[in-house]
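Structure first, then comments.
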């Protein structure tokens with residue numbers, strides 16, 4: 005019996021030890037960790053080669069409007085998308101091409117409207133970005149999420165994706181981001197520090213891929229009372245079974 009009690013207490017102690025392996029310093033945000041990331045003002049996203057836009061028009065020419073604003077599905081109001089080609093242009097049915105790479109969405113809208121008004125004087129244009137998403141790769145959750153506003157921060161992105169920070173290594177977060185030349189920049193940073201605010205990592209851009217490596221201590225993480233209870237009961241049940249059946 006003494007041996008049983010000894011093993012029981014040892015098991016509980018080990019569970020307590022493992023459950024505390026992840027410290028608050030590893031998972032808390034806005035810590036005073038001096039990284040001195042350069043401050044960068046927010047800049048509105050500029051369209052790149054490969055981006056896709058949706059374009060809707062209004063005009064007194066109802067036949068043209070009905071034809072141009074063709075939706076892709078009868079069940080969803082999804083407009084046709086147009087890809088920006090290597091020469092920085094999009095091809096617009098009935099109207100020709102418009103050079104919009106390197107422009108904001110609002111600037112692209114103005115450019116496209118001017119091109120269309122050369123043929124239809126009263127046409128009005130509304131341009132939106134079709135591939136306006138960011139992507140998260142983490143141990144417990146992966147997916148794509150809409151950039152629902154211009155100045156979306158990385159903290160808001162985490163809230164939208166409902167990530168569990170206890171399983172992630174916040175010291176080596178990586179963002180893969182398209183650059184103006186059509187390539188990809190890799191940016192790795194420590195998300196725990198308050199120095200992230202107003203840095204180049206703070207605002208999320210369309211097409212960003214955010215990667216969170218797994219926290220090496222997360223294997224022992226007990227994140228809730230229910231999981232702790234389950235972990236505790238398994239060895240207890242085994243011990244009781246051993247006592248009852250004498251083996």
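Residue numbers (this note's numbering): 5 to 251. Glycine included, every Cβ here is placed at the ideal spot set by N, Cα and C. Here the structure is a predicted model, which is why all the values come from computation and not from measurement.
Beta bridge counterpart(s) of residue i as assigned by DSSP
i	result
residue 50	BP columns for residue 50 are empty, so no partner.
residue 87	56
residue 213	139 and 180
residue 193	177
residue 93	103
residue 218	172
residue 35	197
residue 61	129
residue 205	BP columns for residue 205 are empty, so no partner.
Buried or exposed (CB count within 10 angstroms, at least 16 for buried), residue i
i	result
residue 71	exposed
residue 252	The structure shown does not extend to residue 252, since the chain is modelled only from 5 through 251, so no value can be given for it.
residue 98	exposed
residue 200	buried
residue 132	exposed
residue 152	exposed
residue 173	buried
residue 88	buried
residue 37	exposed
residue 212	buried
residue 1	With the chain represented from 5 up to 251, any question about residue 1 goes unanswered, as that position is not in the structure.
residue 177	buried
residue 42	exposed
residue 109	buried
residue 227	In this prediction, residue 227 has a pLDDT of 49, which is less than 50 and means its spatial position is unreliable; what the coordinates show is noted afterwards. So residue 227 ends up on the exposed side.
Cut-off 6 Å between Cβ atoms - residues of its own chain near residue i, not counting five sequence neighbours on either side
i	result
residue 67	none
residue 198	34
residue 143	171 and 218
residue 128	62
residue 214	140 and 179
residue 186	53
Residues of its chain near residue i, where Cβ-Cβ distance is below 8 Å and the 5 sequence neighbours each way are ignored
i	result
residue 147	139, 140 and 165
residue 96	59, 86, 102, 116, 119 and 120
residue 184	50, 52 and 106
residue 149	137, 138, 139, 140, 161, 164 and 165
residue 104	51, 57, 88, 92, 93, 94, 111, 112, 115 and 116
residue 210	49, 55, 133, 135, 136, 137, 138 and 151
residue 229	Bear in mind that a pLDDT of 45 at residue 229, under 50, signals an unreliable position, so the number given afterwards is only what the model happens to contain. Within the same chain, residue 229 has no close Cβ partners at all.
residue 188	180, 181 and 182
Proximal residues to residue i (C-beta, below 7 Å), its chain only, five neighbours per side dropped
i	result
residue 124	63, 65 and 68
residue 39	194, 197 and 199
residue 134	56, 57, 58 and 85
residue 74	84
Cβ separation of residue i and residue j, assumed to be a contact under 8 Å, to the nearest whole Å
i	j	result
residue 182	residue 52	5 Å
residue 46	residue 155	5 Å
residue 56	residue 85	4 Å
residue 130	residue 60	5 Å
Any chain B beta carbon closer than 9 Å to residue i
i	result
residue 90	You won't find chain B in this structure, because it holds only one protein chain.
Inset, instruction - Quick one: which unbroken alpha helix (DSSP H) runs of 4-plus residues sit fully inside the segment 102-190? Chain order, please. - result: If only uninterrupted alpha helix (DSSP H) runs of at least 4 residues are considered, those enclosed by the segment 102-190 are 109-121 and 158-165.
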